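Novice:
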Amino acid sequence: MNVKLLNKEAWSLAKLAIASLILIFATGTSLSAQTEVKSDGASGVQDALPKGRKAVAIVDGQYPESYFPNTELLGTDEMRITALGTGMPNQTRSAVSISYLVELGNGDKFLFDVGSGMLANLFSLRPDFEKIDKVFASHLHVDHVGDFMGVHIGGWISGRYTPIHLYGPTGSKPELGTKAFAEAMQKAYAWDLATRSGALPDAGAQIEVHEFDYKQMNKVVYQKNGVTIRSWPAIHSLDGSVSYSLVWNGLKYVFGGDTYPNKWYMEYAKGADVASHECFLPPKALAAYFGWDLAQATYVSTRIHTEPTAFGKVMSALKPRMAVGYHSVQSPKNNAAIMDAVRKTYDGPLALARDLMVINVTKDTMKVRMAVIDDYVLPPDVTAGYKRAPRSDTKETSEFIQSGKWKGYTPPPMPKK
Ligand SMILES: [Zn+2]
Ligand SMILES: [Zn+2]
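This is the structure in structure tokens:
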């Protein structure tokens with residue numbers, strides 16, 4: 001049941017490794033504990049897998065040291081959390097903007113934030129897009145929702161034939177809320193949506209927005225299939241930023257979004273198995289990286305966001321089974337600065353997230369590792385349900401545009417359906 005705290009000696013050793021690998025984790029100590037996994041008939045294993053792939057059950061909590069997507073059955077009592085983006089708006093190839101994918105043993109999948117750049121990481125897992133239809137936005141900064149239309153349309157092309165559901169907060173004015181954001185996105189992408197509508201399943205074009213009061217205190221925003229997701233306010237830039245908790249099967253995951261340390265998080269994140277919270281660059285490192293003066297860097301790092309010693313204080317008080325820090329410009333130097341600062345105030349189980357870090361959680365086990373992906377991985381296969389889903393007529397370009405076709409080329413005949 002217990003995850004051992006990293007002791008001082010282990011921590012010293014771990015520090016040596018962070019220049020090349022930021023991932024620091026405390027593995028479950030009860031590897032012999034049974035992880036209940038069923039190989040057939042369980043809803044948690046019903047994902048459409050790529051052709052030729054067969055996923056296997058994890059026995060006795062003995063996970064491979066790396067996660068190879070679509071090779072492991074997710075146990076019916078198990079949660080898998082994958083960091084799809086852990087960086088900043090000015091991202092790098094190794095750290096794109098914020099997003100987490102949460103997969104449950106009941107077959108449900110949830111995205112928490114869909115920051116710019118996360119899409120390639122999502123596709124690299126080759127997921128069953130039929131099930132990726134729920135996005136929970138913490139706030140409307142581009143590094144948290146910038147890839148929403150990419151997820152919507154990319155998923156619609158890749159297997160989702162039902163509406164996508166976007167959950168997110170109101171703002172202080174209607175135009176600053178999630179509903180206004182989604183409506184504006186649909187208008188901005190009117191041409192794109194018009195080109196695909198009819199050729200792709202009709203229902204997949206729809207966005208269903210579920211906007212809720214950003215001030216609500218630990219109230220339910222989603223409840224279905226044994227999963228309860230609640231929200232509470234966060235303190236960040238303007239009103240209209242929130243944090244979430246997801247509870248299922250006795251497991252609790254908390255997604256902090258962006259926030260200054262706040263009393264609501266301390267209250268409603270209690271009992272988290274995995275508590276994620278931003279852990280920004282410390283002021284000096286931020287100033288050096290961006291070329292800002294120290295006053296501006298201090299303001300951003302310690303007033304708008306949560307710097308590492310503050311993150312450590314939050315986690316020392318909260319005591320989750322696993323603390324996850326994210327949202328920084330990742331480089332060996334910066335990562336070392338963050339880790340040093342966190343460890344001044346927190347010595348518990350810690351994973352400083354990097355893109356494609358994976359956490360498997362059951363009541364007895366906690367495994368943190370990295371996913372191994374192929375840069376050229378194919379898009380996922382679509383299901384029979386996707387192929388059968390109703391599509392309205394296709395459309396064509398105008399006679400004027402048709403008349404411009406070069407006579408020097410004749411396309412091959414269309415194959416029979
Ligand atoms: Zn933000
Ligand atoms: Zn942010």
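So the sequence shown is numbered by the numbering used here: it starts at 1 and just counts up by one. No residue lacks a Cβ here, since even glycine has one placed at the ideal position from N, Cα and C. Since the model is a prediction, treat every value here as computed from it, not as a measurement.
List in chain order the residues whose CB is within less than 5 angstroms of at least one heavy atom of ligand 1.
Specialist: Going along the chain, the residues that qualify are H141, D258.
Novice: Hey, quick one: how far does the alpha helix (DSSP H) through W191 stretch, first residue to last?
Specialist: Position 191 of the sequence shown, counting from 1, holds the residue named residue 191. Its alpha helix (DSSP H) spans residues 190–196.
Novice: Taking the beta carbon of P174 as the centre, do at least 16 other beta carbons fall within 10 Å, making it buried, or is it exposed?
Specialist: Position 174 of the sequence shown, counting from 1, holds the residue named residue 174. Flag for P174 reads exposed.
Novice: Could you compute how far the alpha carbon of H327 sits from the alpha carbon of P415?
Specialist: Here residue 327 is taken as the residue at index 327 of the sequence shown, counted from 1. Here residue 415 is taken as the residue at index 415 of the sequence shown, counted from 1. Going by the C-alpha atoms only, they are around 49 angstroms apart.
Novice: State the DSSP-derived secondary structure class of I22, mapped to helix, strand or coil.
Specialist: Counted from its first residue, the sequence shown places residue 22 at position 22. Annotation note: pLDDT 41 at I22 (below 50); position unreliable, no value reported.
Novice: For the region 306–313 and the region 355–366, state whether three or more C-beta atom pairs, one from each stretch, are separated by less than 8 angstroms.
Specialist: These segments do not touch.
Novice: For A95, does the three-state DSSP call read helix, strand or coil?
Specialist: Within the sequence shown, numbered from 1, the residue matching residue 95 stands at position 95. Strand, per DSSP.
Novice: Can you find a heavy atom of ligand 2 that lies under 7 angstroms from the Cβ of I132?
Specialist: Numbered from its first residue, the sequence shown carries residue 132 at position 132. For ligand 2, not one heavy atom lies less than 7 angstroms from the Cβ of I132.
Novice: So which of K54, F255, I98 has the shortest CA-CA distance to F148?
Specialist: The residue given as residue 148 occupies position 148 in the sequence shown. Measuring from the Cα of F148, the nearest candidate turns out to be I98.
Novice: Round the Cβ separation of P69 and I373 to the nearest angstrom and send it over; I've been treating them as touching at under 8 angstroms.
Specialist: Sequence index remark: in the sequence shown, residue 69 carries index 69 (1-based). Sequence index remark: in the sequence shown, residue 373 carries index 373 (1-based). Contact flag correct, Cβ pair sits at about 7 angstroms.
Novice: Are S124 and P379 close, meaning C-beta to C-beta below 8 angstroms?
Specialist: As a first step, residue 124 must be located in the sequence shown, where it is residue number 124. As a first step, residue 379 must be located in the sequence shown, where it is residue number 379. Result no, Cβ atoms of S124 and P379 do not sit closer than 8 angstroms.
Novice: For K263, which residues from the same chain have a beta carbon less than 6 angstroms from its beta carbon, with the 5 sequence-adjacent residues on both sides left out?
Specialist: Sequence index remark: in the sequence shown, residue 263 carries index 263 (1-based). Answer for K263: no residue qualifies.
Novice: Flag this pair as touching only if the region 201–215 and the region 381–397 have three or more C-beta atom pairs under 8 angstroms; answer yes or no.
Specialist: With the cut-off at 8 angstroms, the region 201–215 and the region 381–397 touch.
Novice: Following a CB-centred definition, is D355 positioned closer than 7 angstroms to any heavy atom of ligand 2?
Specialist: Taking the sequence shown and counting its residues from 1, the one referred to as residue 355 is at position 355. D355 Cβ: outside cutoff for every heavy atom of ligand 2.
Novice: Would DSSP call Y289 helix, strand or coil?
Specialist: The residue labelled residue 289 in the question sits at position 289 within the sequence shown. In the structure shown, Y289 sits in a helix (DSSP, three-state: H, G or I).
Novice: Report yes if the C-beta distance between K179 and V142 is below 8 angstroms; otherwise report no.
Specialist: Residue 179 sits at position 179 when you count from the first residue of the sequence shown. Residue 142 sits at position 142 when you count from the first residue of the sequence shown. No.
Novice: Looking at L111 and V59, is the spacing between their C-beta atoms short of 8 angstroms?
Specialist: Translated into the one-based positions of the sequence shown, residue 59 becomes position 59. Translated into the one-based positions of the sequence shown, residue 111 becomes position 111. It is not a contact, given that the beta carbons lie outside the stated cut-off.
Novice: Check for me: the beta strand (DSSP E) holding V324 runs from which residue to which?
Specialist: Counted from its first residue, the sequence shown places residue 324 at position 324. Where V324 is concerned, the enclosing beta strand (DSSP E) stretches over 322–326.
Novice: Rounding to the nearest angstrom, what Cα-Cα distance links G155 and K417 in this structure?
Specialist: Along the sequence shown, one-based indexing puts residue 155 at 155. Along the sequence shown, one-based indexing puts residue 417 at 417. Distance between the alpha carbons of G155 and K417: 24 angstroms.
Novice: Do L101 and L84 have their CB atoms nearer than 8 angstroms?
Specialist: Locating residue 101 in the sequence shown gives position 101, where the first residue counts as 1. Locating residue 84 in the sequence shown gives position 84, where the first residue counts as 1. Taking 8 angstroms as the Cβ cut-off, L101 and L84 qualify as a contacting pair.
Novice: In this structure, does DSSP put W232 in helix, strand or coil?
Specialist: Counted from its first residue, the sequence shown places residue 232 at position 232. The answer is strand: DSSP assigns W232 an E or B state.
Novice: Report yes if the C-beta distance between S301 and P332 is below 8 angstroms; otherwise report no.
Specialist: Here residue 301 refers to the residue found at position 301 of the sequence shown. Here residue 332 refers to the residue found at position 332 of the sequence shown. No, the Cβ-Cβ distance between S301 and P332 is not below 8 angstroms.
Novice: For W191, does the count of other Cβ atoms within 10 angstroms reach 16, so buried, or fall short, so exposed?
Specialist: Position 191 of the sequence shown holds residue 191. Exposed, since its Cβ has fewer than 16 Cβ neighbours within 10 Å.
Novice: Y167 and Y386 - do their beta-carbons sit closer together than 8 angstroms?
Specialist: Along the sequence shown, one-based indexing puts residue 386 at 386. Along the sequence shown, one-based indexing puts residue 167 at 167. No.
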